[in-house]
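Heads up, the thing below is written out as structure tokens.
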Amino acid sequence: MTQTPQDTQADKKTTLVIGGTGKTGRRVAERLAALDLPVRVGSRNADRPFVWEDPATWEGALEGVGAVYVTYYPDLAFPGAAEAVEAFSRFAVSRGARRLVLLSGRGEEGAQVSEDKLKESGADWTIVRSSWFNQNFSESFFLDPVLSGELALPTGDAVEPFTDADDIADVVTAALTDPKHIGKTYELSGPRLLSFQDVAEELSKATGRQITYIPVALDDYRAVLAENGLPVEFADLFGLILDGRNAHVVNGVEEALGRKARDFSDYARDAAATGVWNV
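Residues 1 to 279 in my numbering are what the sequence shown lists, from first letter to last.
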């Protein structure tokens, strides 16, 4: 008998979505619910809390779980991430989770250590590596700069093929529900390279007001992060853009889903229509 993706999704056990209120996790949870699959949001404030720094919360969050979407905050490149992912993935498998899908980053050596640790857990795994998200400009740390009209960032003239969170969520949902994705590593990007000057122009067009890109020094940006109580390690992630390691488009979205990746201009138009950038 041919099995459907829903039949094979860990026998319809619950899927734990770590970071289920975040940019990709929220979208994955919505897609699983739309497929009538049981889903549990993993977050500090959930009915069954999940906290990376508190392994005592893992047991309750994993009760009855057959699959997990693994996202790590603040980033897999940060110190301690690989150890946490290793401990969690092994614990999850010991509690009956058969499938683990990890959100990783393109070109991040630290993230790839976490990938290897998860692969060694004994689970059926899928790795989803992404470029920087489009939604960083509307749902995350670039929102305030967009609202202010100035993107002051340490990116120079470097380019990035920004990925849409909806594309990521579609790939992750497929990986959680269809066994053909087991053992695959997908590298995702958008369909074209954009500098932050290009991004500013796209956002200006979408919002109907001037958004200006202002290049700043990396050390100055670290100081800004510190002043705002944010981890200064975030500044180091800009090195992944500045050294050009990800300055090429990849076809992971098409490979996984059989369709083209979403363009930044489409994202900007739709985000503007929600009013998120209204001032």
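Yeah, the Cβ is synthetic: ideal placement off N, Cα and C, and Gly gets one too.
For Glu115, same chain residues with a beta-carbon under 7 Å away, outside a window of 5 residues either side, are Leu102, Ser104, Ile127 in chain order. In the three-state DSSP reduction, Val51 falls in the coil class, being neither helix nor strand. A residue is called buried when at least 16 other Cβ atoms come within 10 angstroms of its Cβ; Val146 meets this threshold and is buried. Two segments are said to touch when three or more pairs of C-beta atoms, one from each, lie closer than 8 Å; by this definition the segment 257-272 touches the segment 175-192.
By the criterion of a C-beta distance shorter than 7 Å, Gln135 is surrounded in its chain by Lys23, Ala165, once the five residues flanking it on both sides are discounted. Taking C-beta separations shorter than 6 Å and ignoring five residues to either side along the sequence, the partners of Ser138 in its chain run Ala271, Val276, following chain order.
Burial state of Gln112 is buried, judged by a 10 Å Cβ sphere holding 16 or more other Cβ atoms. For the 8 Å CB-CB criterion, Glu233 and Phe78 form a contact. Per DSSP, the unbroken beta strand (DSSP E) holding Glu150 starts and ends at 150-153. Approximately 7 Å separates the beta-carbon atoms of Lys117 and Ser89; this is inside 8 Å, confirming the contact. Taking a C-beta distance under 8 Å as the contact criterion, Gly20 and Val41 qualify as a contact pair. DSSP places Ser130 within a strand segment (E or B) once states are collapsed to three.
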